[in-house]
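See structure below.
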Ligand code: AMP
């Protein structure tokens, strides 16, 4: 193994490394440091978090900076405030023996004046989130026109979070003649495009295999009907009583909705997404770390930095659009040498996505069945018995024992056990007794989707004149109701009104949701329509795919603000000895 001393690092850095107790360079450090120290080159490094990549760019950067000059020479862009602070802290530790070097973090959600003061004192290295950086350049607070090094850390994540334009703007304020080092866990086409546009013949290094998920993770999928996702999620939780999981949803709205429903249904759940304040996110994460929360429902962006090792299950409540995102999600479990399970709840129409993921991660999925009610009752019963066996006796009870004995007089052991177990078990039994099979494709399921529910047509008092076409109106209705795409159908927009259908089971929800809803000051009115829908029958038609742009209102009024923060990253170190 190559020791640090052979990589070309100078004494102040080697001393800091020795203080930090790093014995040997990690793979990414071994590969990147000599390249970056040797010549002024652009670099693309594919490395996951936890591989030691901060030091891989941090050591060479610190060595190359002229600490005696006050000019800003290095800029590190990172997706989140947490990561930004983490990089700054690490870099300060690495440069503890470099006199006069100032490394300043600038990120959103904190006082800009304080940050401006620190920059003013002279910061040779600035570590920044793109939004705040752009803001500070705009106000003339920070000057990056003379930098020699620009590092894009977790580039895939920055692009995922919608920072492309900000990054482009920031880079346009930097000199042509500089070295750009890009670090990314994955290489989706957007990252490749950035590398192509802003970098000159970059050297490429890869740590581990590209886009391959951890092999300690077993991948499973469960096929259910679109509207059975939530009951399926509950069953997966109930069938795994010791579960400690992250449940991934696609949108902030779904994340909030699923978490709220779980809490209502008595689960230890919490939501993590970008519409929460930093303080709220910290509270949720602390509760999760302490395992007070067993099911953390999260968006991809917010969950990226979860640095918790013993997550037993990752549950994909919905599949992500990008396969790379699936790799990130499943990588939250199976860490630190432990095994983990990544479960995907899918509908039949999404099955091809499973095939695509299998090809990419080079691992097979196992098709599993959502447990039946009786299976869950059985699991819970044994779990309960084990819990009773393992429960530590509280001796405070001793004093009350004679009185309790009096109450329980005459009940034999078997009966007593049955009674104790029933206290908890009956709750599950009542809920799951006669519960239907949720697995899609079963006779029961076909019966249901075959139209037994009936279909209801509604009138709604908004239409084309309000800027909607059928697609955007469908999105608006679906979002307002919190339903799946296929649950709202036969959407027909007219001038000032429209029609749509749902299954009869959703009628109370539809009428209730729209009974008190205003959009831009206008009252939305929905009524059950007497007008027969075009084409008659009960089966859903697949809506056309190609008509026009999105409606103005659906996107402006009902979508949350863009979340630009909400996660740090893994502090855990893995992958080398
Ligand atoms: P990173 O991938 O940069 O987030 O690094 C993950 C963690 O590994 C950080 O806490 C670093 O301090 C630590 N680390 C980085 N390089 C080494 C090394 N060569 N040996 C041991 N720990 C390291």
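Residue numbers (the working numbering): 25 to 601.
Cβ coordinates follow ideal geometry from the N, Cα and C atoms, glycine included.
Every value quoted in this text rests on a predicted model; they were computed, and no experiment measured them.
Rounded distance between the beta-carbons of residue j and residue i, thought under 8 Å
i           : j           : result
residue 491 : residue 522 : Not confirmed; about 12 Å, so no contact.
residue 432 : residue 440 : 7 Å
residue 231 : residue 71  : 4 Å
residue 318 : residue 267 : 6 Å
residue 678 : residue 129 : The structure shown has nothing for residue 678, since the chain only spans 25 to 601.
residue 531 : residue 504 : That pair is no contact at about 15 Å.
residue 464 : residue 247 : 4 Å
residue 351 : residue 385 : 6 Å
residue 133 : residue 302 : 6 Å
residue 124 : residue 173 : With a Cβ gap of about 18 Å, residue 124 and residue 173 do not count as contacting.
Cβ pair residue i, residue j closer than 8 Å
i           : j           : result
residue 294 : residue 326 : no
residue 517 : residue 497 : yes
residue 11  : residue 363 : The structure shown does not extend to residue 11, since the chain spans only 25 to 601, so no value can be given for it.
residue 382 : residue 343 : no
residue 178 : residue 207 : yes
residue 348 : residue 210 : yes
residue 260 : residue 330 : no
residue 526 : residue 543 : no
residue 127 : residue 135 : no
residue 479 : residue 528 : yes
residue 254 : residue 370 : no
residue 165 : residue 198 : no
residue 37  : residue 86  : yes
residue 296 : residue 322 : yes
residue 485 : residue 548 : yes
residue 514 : residue 524 : yes
residue 175 : residue 205 : yes
residue 457 : residue 397 : yes
residue 449 : residue 243 : no
residue 61  : residue 27  : no
residue 67  : residue 59  : yes
residue 203 : residue 64  : yes
residue 551 : residue 483 : yes
residue 481 : residue 553 : yes
residue 273 : residue 341 : yes
Near the ligand AMP: residue i beta-carbon under 7 Å from a heavy atom
i           : result
residue 50  : yes
residue 53  : yes
residue 164 : no
residue 639 : Within the shown structure, residues of the chain are numbered from 25 to 601, placing residue 639 beyond reach of any answer.
residue 607 : Any answer about residue 607 is impossible in this case: the structure gives the chain only from 25 up to 601.
residue 77  : yes
residue 106 : no
residue 288 : no
residue 47  : yes
residue 114 : yes
Distance cut-off 7 Å: residue i Cβ against heavy atoms of the ligand PLP
i           : result
residue 148 : For the ligand PLP, the structure offers nothing, since it holds only the ligand AMP.
Original post:
Residue ranges of each beta strand (DSSP E) run of no fewer than 3 residues wholly in the region 206-250, ordered along the chain?
Top reply: Fully enclosed beta strand (DSSP E) runs of 3 or longer: 227-230, 241-247.
Original post:
Is the number of C-beta pairs between the region 114-122 and the region 185-193 that are closer than 8 Å three or more?
Top reply: no
Subject >> Start-end ranges of the alpha helix (DSSP H) lying completely within the region 403-490, minimum 4 residues >> reply: 425-432, 437-456, 467-471
Original post:
Counting pairs of Cβ atoms below 8 Å between the region 134-152 and the region 96-104, do you hit three or more?
Top reply: yes
**OP:** Pick out the complete beta strand (DSSP E) segments inside the region 86-133, 3 residues or longer, and give them in chain order.
**Re:** 98-101, 127-130
**OP:** Mind listing, in chain order, the continuous alpha helix (DSSP H) runs of no fewer than 4 residues lying wholly within the region 156-201?
**Re:** 179-184, 188-196
Subject >> Inter-stretch contact at 8 Å, needing at least 3 Cβ pairs: the region 152-169 / the region 77-84 >> reply: no
Original post:
Taking contact to mean at least 3 C-beta pairs separated by less than 8 Å, is the region 85-97 in contact with the region 269-286?
Top reply: no
**OP:** Only counting runs of 4 or more residues, tell me where the alpha helix (DSSP H) segments fall wholly within the region 259-287, in order along the chain.
**Re:** none
Original post:
Which ranges does the alpha helix (DSSP H) cover as unbroken runs of at least 4 residues, wholly within the region 308-367, from first to last along the chain?
Top reply: 324-327, 347-354
Subject >> the region 211-223 / the region 42-60 touching (three or more Cβ pairs under 8 Å) >> reply: no
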